[in-house]
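Protein sequence lines correspond, in order, to chains S, Z and X. Okay, so the first sequence: first residue is 55 according to our numbering, each after it adds one. Okay, so the second sequence: first residue is 362 according to our numbering, each after it adds one. Okay, so the third sequence: first residue is 10 according to our numbering, each after it adds one. C-beta: ideal position from N, C-alpha, C; glycine also. Keep in mind it's a predicted model, so treat the numbers as computed, not measured. Everything below concerns the one structure shown next.
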Amino acid sequence: MIRYLARRVLYTIPTLIGVSLLTFLLFFMIFSPETLARRNLSAKNPTPAQIDRWVHEHGYDRPKAVLFKQHMQSMLTFDFGESDKTKDRIMDRIKAGAFPSLELGALTFGFTLLVGLALAIVAAYLRGSYVDAATMGIAVILMSIPIVVYVIGVQYFFGKMLRYGPLAGYAPGPDGLRFMILPVLVAIVSGSGYYVRLYRTFLLDETSQDYVRTARAKGVSERAVLFKHVLKNAMIPVVTTTVAAIPSLVLGNLVLESFFGIPGLGNYLVGAIGTQDFAVVRAMVYLGTLLYVAGLLVTDILYAVLDPRVRLT
Amino acid sequence: MQATAPAVRAEWTIGVALMLAGCSNIPNPVDWNREPTYFFAFGSEPQSFDPSVSYNSGDAAVMDPVYPSYFRYNFLKQNPWELDLDVGLAAPLREPLDGIGPRGVAFHGETWTFEIRHDLRFQDDPCFAGGKGRPVIADDVVYAFKRMADPKVEFPLASNLADKVLGWDEYSRGFVTSRADAARNAANYDRPMPGVRVDPANRHRFTVSLNQPYPQLRYLMAMHFTTPIAREAVEAYGNQSSLYHMVGCGLFRLAEYTPHDRIVLVHNENSAGATYPTSGAPGIDQALLRDAGKPLPFLKRVEFRIITEPITSYNLFDQGFFDSLSVGQANAPVLLHASKPGTSMSRRGIEMLKGAYPTIEYLAFNMQDPTFGGYTLDKRKLRQAISLSVDSESYVELMNQGLGVKADFLIPRGLGGYDPSYKNPYRQYDPDLTRARTLLAEAGYPGGVDTATGERLTLYYDNYVDNGPSDRQREEFIRKQVQALGITVVSRDTTYAEFVDRTNHKKVQFFNYGWVADYPDAENFAFLLYGPNESPGPNNANYHNPEYDRLFEQMRGMDDGPARNEIIRRMRDFAVEDCPWIYLSENEGPTMYQPWVRNRYSNPILSNLLDYRGIDVERRERLQTEWNRPIWTPLAIFALIAFAGVVPAAQTVHRHRNRRVRKRISEEPS
Amino acid sequence: MTAGLLLHNAWANAPPVSIAGVLVWIVMRSRREPLWAEAYRRLGRSKRALGAIFVLSLCGGIVFLDSLSWQGSRVEEPKTVVDRLFDRPFERTYSEPMGSATVGEVTPHRLLGKHVFGTDSVGKDVFYKVLKGFRTAFAIGGLACLVAVPIAVTLGLSAGYFGGVIDDVVQYTYTVFGSIPDILLIVALVLMLGQGLSSICLAMGLTSWVGLCRLVRGETLKHRDREYVRSARALGASHGRILVVHILPNLLPVIIISVTLLFSGLALYETILAYLGVGVGSNFGSWGNMIDSARDELTRDPSVWWNLAFSSGALLVMVLSLNVLADALRDAIDPRLRTE
């Protein structure tokens, strides 16, 4: 077990290097330092001298190998430096933006899962009835609508017409939870369809097992079968798929953050893409990767802990 | 012992309902209405609050109340605009100055003598000794000029001053050091500047020496670039875009900046008295003079909410959570209709006020392009034909909801040199396109087909799509118009940054662009067609007509008047015949105001409008609550239906299952 | 039409006709395989699957018609069948579905023709725009899959079958690729290659092969040690032959289901890209562009809902059919999960 884990941890290091190399190459192939300079200088038409100066100041004119070495060094020490555009420290902005993103991510994910699980249980319990068919049907339809449409629609109906929650903005603390109402609503409507179907599959997988048949034959009520036996066993795949989805949470809510004005990392990233602030994008890619890889690691560990069969391999 | 699942669902519904009952849709913290706070929507992340660098009207709205300049435009006068004294004590003195320039060439220039008020103080800030703001002296304005000359500071209008102020280039060059060398940096600023000097006899007086007449200097003295800058602040907080630290002597100071969230300004207690203007343009609303002569500001606090989605800002304004909203191209259609009489907005007392900022929107040909550029007769006719195919009036109506006027030439209304009776012969749209088609045929492309090669002519439209749907819609509109001539239009989409890059390398063919006045003088527009300003300069059509250039050099140093207008007329004739541009429109950007805002007036050339605004606090609170009562019925109905829908199914299934227990196992469906 | 022009037109239409031909041939050939015949039979029994297949065939038909194009003369733009049937004259601006005058203008103007789905901001017929969107959606899904599937299958098969170093390399590659947030990779590639259909397809293909690769690898691992593979090797079959002739066909059902879902996922993702400004660009009609433009339209007065409604409706129909089809395929393979 320990060896397995140690191996997995060691494995992440070459991954990080690989990702850094890939993003470094990509970004230097697209943006000439000149383009970056023009983008970041405030003058309407900077002179070539001004451009050269900016490029030199930000160190984009040094040889690529040197740049990469510096890049890796700073990434490993989490020294992301300053934003090309606004010159504020990127690490500070990341720290400031981490909590709102986390809050949004946790709430949207949590509610989506809960709603998905609840509906899946209902559908599995009432299997064969029109409720089951209707739930599945609605789930498929909801899954087939793009999130942008949901955002526009929810903001319009629930925000503007019915006024259940503020249209945009953010405040920390319990007082600020009302800002999460609309984004969470969007997340539930757009995302729970997928989870309802997934969890129903897991539940039904379990109900077709022999031990369930035995329980039923023994006369245990359907409700007890579902809640006492099936649910517990179905939790294993539920938890592992849940954890596997966590890594994509971090930067996953770009559209929600941007539309609902939540000052999180996603919003920061979208802004940086728009203004081609390479320093910020570089930092965010690295951070995203780190979290993703960490998430994978946690998933593997959890898998090993929960499912004894894995441990033996 | 009915089905549990529906019971569970009932509990949940009640729980959710209880939670919702306690919530509201107010996006402000609990005690927001304690003092007169003004809420304003800020459309994008601020780039810089450094007064020597920031060149962005959005950021100026935050900066100008903090960083005043020698002059400010009179709040109540526009078209024409008037400069009032702000930091300045008296009108500057202009005297001729003759001398010999660096290369031994004689020049006929002038000196300007400025004197600032004696009673100004900087705001309190930890960078000053004892944390208290010190009095402002002329050296602070000279320091601002020195920063402009420092190449590391990236002052955007350096080229405007570099060739006019005596000794500027030489002084600039003395600055080149690495950023890390702080001590040497500070010493660099100790050097006196040859062209801008403090009067040794009066420390509130300074002179600017120029090698040519430059009447536009007074406009520069109305921009935040020339605000008094505290050296202590720059040295304490670094020679960078100080987003978190602004130290000025204006009516407000920066209290907070949270990225992606908000910017907060509060009243600066150290500010010297400023008063509301006592007179305005003839014919303005008398209600605007109610506060005449009263001390400013009326607001204690201003909060800028950073909301990037225009539709969200619009919705928040509609709900009453923003006090005013500028109508940009993105939300123009909505707001214009909403403000008509009889609509919900106008019934609630929301008002839309127009303000014409001198600006021009145009389509340009790259004059160095082999197909569409060039100065021969047939190329000119080609461009004139295309110019005749674009309908400016429809453009303004459809793209900007009628907010703006058709442009006949590049000098907009309100500026000296604007001729309201002029009709550009190549901008008179005729739906039948007779003249356009004739010109096109004469150019060698009858019906859009090249007679030489038999191929259809293709026009590449270099489009940038950063601003969302309106860019696409504009491209489609133009395409529709030009294709009526038989020319194929193909769009080359890029981001704005890429577009600027391509323009600077002259790789574009046909594009849309605009220019917003830096100051209300015709020179600021005419220079867009001045040959030496070609890419990478502001003349991105790369137009080069020696006659035009000569006339430009004559008119730029002149004051407004009939002589100047005559020269402008001659320049215009050249530019119109060559047709490097298709003048589209002068767009207006009105502002919407809530009924509880006092002193609503849109003077678009001013950025520090907040200095004059007031809020009727009780009225705002009352109306906001009234406009934002949540509607619970749909939720209740939904819960009811969901509940009702599940119960019969659950009952059926339960009965089914209970019956099943008595049946044989083989019949159990699996 | 001159002979030269005729040849030119025929040449231009060769790709879509040949693609359609190939697809039909594949379906006909596979009916002879017992495995596939059984699958078709099971699918045929499910009404939902038939419905989905019918709708998708309709979509495919529209796409096919939109790919057949010809020029009337040398200077004419090649127009497709859809263009000729459905293109309407431009109005001035918005108009409601089946309306008679423009809306959202200072003074309404009478319309020049009937527009079933209304018109957009520049007066273009929305029904026509929706039809043109089919081709873009299929192109994106198809081309991106064409990029993603070969990479995923090749790498997955090699990793699962050969194991060892190759497996490690492939796992490393897909972990690296999978760790980079998709959106960044796509933005980077699009900025590098310029906006347009091909760069989007390439970018999306390169970001979506990871999941399929993992799946293929897992399945290959399962099959690697089965009897039939061992016996094939004992008989002296080469690795390549085993992979392609023996293992791959067994993976096809899983691959097809994944590709179907991938296709629908890509079509949905395109709307997000259009929202962020890195979509296909304005030269191609796409539903993503229509939805993005519709962002501000809902709150206009009068509310302009038809652009948003019909483009998302068309997208919904296509994606829903794909999802239902994927479901039906899964049911056909694994009956335990059926709902009916």
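Other residues of its chain near residue i: CB distance less than 7 Å, five sequence neighbours each side excluded
| i | result |
| --- | --- |
| S:V279 | V266, A269 and R270 |
| Z:M932 | A887, Y909, L912 and F913 |
| S:V274 | none |
| S:A119 | none |
| X:Y137 | F95, D96 and R97 |
For residue i, the residue or residues it bridges with in DSSP
| i | result |
| --- | --- |
| Z:H469 | Z:D459 |
| Z:H628 | Z:F613 |
| Z:P496 | Z:R482 |
| X:W79 | X:K88 |
| X:W315 | Partner(s): none; X:W315 has no beta bridge. |
| Z:W942 | Z:A725 |
| Z:K331 | Given a span of 362 to 1031 for chain Z in the structure shown, any question on residue 331 of chain Z remains unanswerable. |
| Z:N900 | Z:E895 |
| Z:T636 | Z:P656 |
Residue environment, residue i, which counts as buried when at least 16 other CB atoms sit within 10 Å
| i | result |
| --- | --- |
| S:R181 | buried |
| Z:E758 | buried |
| Z:R863 | buried |
| Z:K701 | exposed |
| Z:N563 | exposed |
| S:T260 | One detail in the question is off: residue 260 of chain S reads as Glu in this sequence, not Thr. Result: buried. |
| X:F319 | buried |
Residue i vs residue j beta-carbon contact at 7 Å
| i | j | result |
| --- | --- | --- |
| Z:A746 | Z:A813 | no |
| Z:L820 | Z:K742 | no |
| Z:P773 | Z:P731 | no |
| Z:Y431 | Z:M584 | no |
| Z:P426 | Z:I976 | no |
| X:L275 | X:I149 | yes |
| X:V91 | X:S330 | no |
| X:A161 | X:L221 | yes |
| Z:I477 | Z:G494 | no |
| Z:V869 | Z:D823 | yes |
| X:E350 | X:G132 | Summary: the structure shown does not reach residue 350 of chain X, with chain X confined to residues 10 through 349, and so no result is reported for it. |
| Z:E670 | S:F212 | no |
Cβ neighbours of residue i in the same chain (closer than 8 Å, five flanking residues each side left out)
| i | result |
| --- | --- |
| Z:E443 | Y434 and N435 |
| S:L323 | L305, L308, V334, V335 and M338 |
Beta carbon proximity, residue i to chain X, threshold 7 Å
| i | result |
| --- | --- |
| S:T353 | no |
| S:P102 | no |
| S:P200 | yes |
| Z:D793 | no |
| Z:E837 | yes |
| Z:D854 | yes |
Residue i at chain S interface by Cβ criterion, 7 Å
| i | result |
| --- | --- |
| X:P190 | yes |
| Z:N676 | yes |
| Z:D939 | no |
| X:R304 | yes |
| X:Y284 | yes |
Beta-carbon contacts of residue i that lie in its chain and below 6 Å, excluding the five residues immediately before and after
| i | result |
| --- | --- |
| S:G315 | A222 and G223 |
| Z:D480 | A633 |
Cutoff 7 Å: residue i Cβ touching any chain Z Cβ
| i | result |
| --- | --- |
| X:V135 | no |
| S:V205 | no |
Any non-hydrogen atom of the ligand ADP within 6 Å of residue i CB
| i | result |
| --- | --- |
| X:L44 | Ligands are entirely absent from the displayed structure, and the ligand ADP is therefore not among its contents. |
Test: residue i CB closer than 7 Å to a CB of chain B
| i | result |
| --- | --- |
| S:Y218 | The structure shown contains no chain B; its protein chains are S, Z and X. |
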